[in-house]
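*Asks:* Got a structure for you, questions after.
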Amino acid sequence: MSAKEVTDASFQSDVLEHDKPIMVDFWAEWCGPCRAVSPILDKIAEENSDKLDIVKLNVDDNPETAMKYGITSIPAMFVFEKGEIVKRVIGAKPKPALEADLAEFLA
Amino acid sequence: MRQVIIIGSGPAGYTAAIYAARANLAPLLIASSVEFGGELMKTTEVENFPGFPEGIMGPDLMMKMQEQAERFGTEIVYDDVTELELTGDVKRVTLGDGSVHEALTVIYATGSAYRKLGLADETRLSGYGVSWCATCDGAFFKQKKVAVIGGGDSALEEATFLTRFADKVYLVHRRDSLRASAAMQDRAKADPKIEFLWNNEVAHVYGDEKVTGIGLVGTENGAETTLDVSGMFVAIGSDPRTHLIHGQLDLTPEGTIAVDGRSSRTNLPGVFAAGDVIDPTYKQAVTAAGSGTVAALDAEHYLAALADAAPAQPVTASV
């Protein structure tokens, strides 16, 4: 199962008004590390579907949201809760390292 | 038990895999979970790999090497090595998922990792304007000013690549001449967007939530300058990735793994090393590939000698 794509248009309803913690994976086609980390995020989402939702936002197609959150490096994986950023993770990392970064949302 | 496990998925690892697979050794290659393909995954056009007169994109080249290795029976695992036991006759490789793999030989080809400047603010602002990968992050600096730190091929490649997006690229180098190849130098010097700042080192990275500027100090006159940039790309070289083998394999004074002459033989029987992790000097895709070949052939000879030695006893006993 691969993550749902959110857009500039859907960001408000899909992310900011989401009813549980949700992580947005800011990515782009040309970004090798993004492609590497994507299946790992899918796995984490699958294993923790009751705790954390994970969605993707293509920064090329949705520059407004990427700029609003000051993205300057991808993959950038931001966790939102009640419309606020509560965690920022930047750069592709192995699964155990990402799980450690996200521990408070996976427990 | 395997005949050979290869650790690393850059040109050295894949070339070793191609040779080992063609020698029917059915190698297992540990490619890493997020950094598979190695350094070339972060480059754009590779113009100096023989056989590609028009140039080839780094990631495409690595994909071709991977396909070639798989074609002859290499098994690839996308995970990270967490532990290595190399001293015994049987080598044990533990992966991130907890699985343990055993082999008679190991080819260690983990390459090198980007060097940092070593400033606290560099770490703090990493991902917020401080970057080690222009091809990954360059597009976020459209019409902005950025600085590239370094004077080698990778620094000039990053600077040239960044001119696609940035209005202005400062190239900050602590010496007054470049180590980069003549072709890269000519291209960068001809680019009106690139300005060279010689004999300068980075002393500060400014910014609360993202980079707003960097502070330079002249290496000869101590003069301080501030550059208003929103991005800093660090390309000051790399260090061999040896953390997994400390205490097991001997290192050279340069920090690379020590090998016997032009071979890939380390201080431990059955353990071979190849690529940038043994090379403090050349560090090219094609030299790494050549080094991977050497390692595969050395491993093959070692295994052949083991096989010759092993059945000798029962044969003599039965005669």
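Going down the list, the protein sequences come from chains A and B. Numbered by the working numbering, the letters in the first sequence go through residues 1 to 107 in order. Numbered by the working numbering, the letters in the second sequence go through residues 1001 to 1319 in order. Virtual Cβ for every residue (Gly too), placed ideally from N, Cα, C.
Restricting to runs no shorter than 4 residues, where is the alpha helix (DSSP H) found entirely within the region 1053-1125 of chain B?
*Replies:* You should have 1058-1071, 1120-1124.
*Asks:* Please state whether DSSP places LEU1216/B in a helix, a strand or coil.
*Replies:* Residue 1216/B sits at position 216 when you count from the first residue of the second sequence. Looking at LEU1216/B - three-state DSSP - the assignment turns out to be strand.
*Asks:* Please classify MET1041/B as buried or exposed, where buried requires at least 16 neighbouring CB atoms within 10 angstroms.
*Replies:* Taking the second sequence and counting its residues from 1, the one referred to as residue 1041/B is at position 41. Label assigned to MET1041/B: buried.
*Asks:* Per the DSSP calculation, PRO1240/B is bridged to which residue(s)?
*Replies:* To locate residue 1240/B, count along the second sequence from 1; it is residue 240. For PRO1240/B, which the question treats as bridged, DSSP gives the partners SER1112/B.
*Asks:* Cβ atoms of THR1256/B and VAL1271/B: under 9 Å apart, would you say?
*Replies:* Reading the second sequence from its first residue, position 271 is the one you call residue 1271/B. Reading the second sequence from its first residue, position 256 is the one you call residue 1256/B. No. Outside cutoff.
*Asks:* Which residues does DSSP pair with THR1252/B in a beta bridge?
*Replies:* Your numbering for residue 1252/B matches position 252 in the second sequence. Note: THR1252/B sits in no beta bridge, so no partner.
*Asks:* Can you check the region 1187-1213 of chain B for any beta strand (DSSP E) of at least 3 residues that lies completely inside it and give the ranges in chain order?
*Replies:* Correct list: 1194-1197, 1200-1206.
*Asks:* Is the region 21-37 of chain A in contact with the region 77-86 of chain A, if contact means three or more CB pairs nearer than 8 Å?
*Replies:* At 8 Å Cβ cutoff, the stretches touch.
*Asks:* Does PRO1327/B come within less than 9 Å of chain A when only Cβ atoms are used?
*Replies:* For residue 1327/B there is no data in the structure shown, the boundaries of chain B being 1001 and 1319.
*Asks:* Could you check whether the Cβ of ALA1139/B sits closer than 9 Å to any Cβ belonging to chain A?
*Replies:* Start at 1 with the first residue of the second sequence, and residue 1139/B comes out as number 139. For ALA1139/B, the answer is yes, since a Cβ of chain A falls inside 9 Å of its Cβ.
*Asks:* Taking 9 Å as the threshold (beta carbon to beta carbon), is GLU1209/B in contact with chain A?
*Replies:* Position 209 of the second sequence, counted from the start, is the residue given in the question as residue 1209/B. So, interface residue.
*Asks:* Report the neighbours of TYR1206/B on chain A: residues whose CB is nearer than 9 Å to its CB, in chain order.
*Replies:* Your numbering for residue 1206/B matches position 206 in the second sequence. Per Cβ cutoff of 9 Å: no residues; TYR1206/B is ~15 Å from chain A at best.
*Asks:* TYR1014/B lies in the alpha helix (DSSP H); which residues open and close that run?
*Replies:* What you label residue 1014/B is simply residue 14 of the second sequence in a count that begins at 1. Its alpha helix (DSSP H) spans residues 1011-1022.
*Asks:* Using the C-alpha atoms, what's the distance from THR1225/B back to ASP101/A?
*Replies:* Walking along the first sequence from the start, residue 101/A turns up at place 101. Walking along the second sequence from the start, residue 1225/B turns up at place 225. Rounded to whole angstroms, ASP101/A to THR1225/B spans 37 Å at the Cα level.
*Asks:* Since THR1082/B and LYS1091/B are thought to touch, with beta carbons under 8 Å apart, how far apart are those beta carbons, to the nearest angstrom?
*Replies:* Here the question's residue 1082/B lines up with position 82 in the second sequence. Here the question's residue 1091/B lines up with position 91 in the second sequence. That pair is no contact at about 15 Å.
*Asks:* Would you check if there are 3 or more beta carbon pairs closer than 8 Å linking the region 1068-1087 of chain B to the region 1020-1034 of chain B?
*Replies:* Yes, the region 1068-1087 of chain B is in contact with the region 1020-1034 of chain B.
*Asks:* Excluding five sequence neighbours on each side, which residues of the same chain lie with their C-beta closer than 8 Å to the C-beta of ILE71/A?
*Replies:* Mapped onto the first sequence, residue 71/A falls at position 71. Only PHE26, VAL59 meet the Cβ criterion.
*Asks:* Could you tell me which residues DSSP puts in a beta bridge with VAL1148/B?
*Replies:* For the purposes of this step, residue 1148/B is identified with residue 148 of the second sequence, where counting begins at 1. DSSP lists LEU1171/B, PHE1233/B as partners of VAL1148/B.
*Asks:* Pull up the distance between the alpha-carbon of ALA1183/B and that of HIS1301/B, whole angstroms please.
*Replies:* Working through the second sequence from its first residue, we reach residue 1183/B at position 183. Working through the second sequence from its first residue, we reach residue 1301/B at position 301. Roughly 40 Å between the two C-alpha positions.
*Asks:* Look up SER1131/B in the DSSP assignment and say whether it is helix, strand or coil.
*Replies:* Counted from its first residue, the second sequence places residue 1131/B at position 131. If DSSP states are grouped into helix, strand and coil, SER1131/B belongs with the strands.
*Asks:* Leaving out five residues before and five after VAL1319/B in sequence, what residues of the same chain have Cβ atoms less than 8 Å from its Cβ?
*Replies:* If you number the second sequence from 1, residue 1319/B lands on position 319. Because VAL1319/B sits at a pLDDT of 44, beneath the cut-off of 50, its placement in the model cannot be relied upon, and the following sentence gives the value as read from the coordinates. Hits under 8 Å: none found.
*Asks:* Determine the contact status of ALA36/A and PHE1036/B, defining contact as a CB-CB distance below 9 Å.
*Replies:* Stepping through the first sequence from its first residue, residue 36/A is reached at position 36. Stepping through the second sequence from its first residue, residue 1036/B is reached at position 36. Against a cut-off of 9 Å, the Cβ pair of PHE1036/B and ALA36/A comes out as a contact.
*Asks:* Do TYR1019/B and THR1293/B have their CB atoms nearer than 9 Å?
*Replies:* Residue numbering aside, residue 1019/B sits at position 19 when the second sequence is read from its first letter. Residue numbering aside, residue 1293/B sits at position 293 when the second sequence is read from its first letter. Contact flag set, yes.
*Asks:* Report yes or no: do three or more beta-carbon pairs, one from the region 1159-1171 of chain B and one from the region 1236-1250 of chain B, lie closer than 8 Å?
*Replies:* The region 1159-1171 of chain B vs the region 1236-1250 of chain B: no contact.
*Asks:* Less than 9 Å separating the beta-carbons of GLY1222/B and GLY1213/B?
*Replies:* Here residue 1222/B refers to the residue found at position 222 of the second sequence. Here residue 1213/B refers to the residue found at position 213 of the second sequence. Not in contact: GLY1222/B and GLY1213/B (Cβ atoms no closer than 9 Å).
*Asks:* Which residues in the same chain as THR1043/B place their Cβ atom closer than 6 Å to its Cβ, once the five residues preceding and following it in sequence are excluded?
*Replies:* For the purposes of this step, residue 1043/B is taken as the residue at position 43 of the second sequence. Answer for THR1043/B: GLY1058, listed in chain order.
*Asks:* Quick check on PHE1036/B - is its C-beta less than 9 Å from some C-beta in chain A?
*Replies:* Translated into the one-based positions of the second sequence, residue 1036/B becomes position 36. By this cut-off, PHE1036/B is an interface position.
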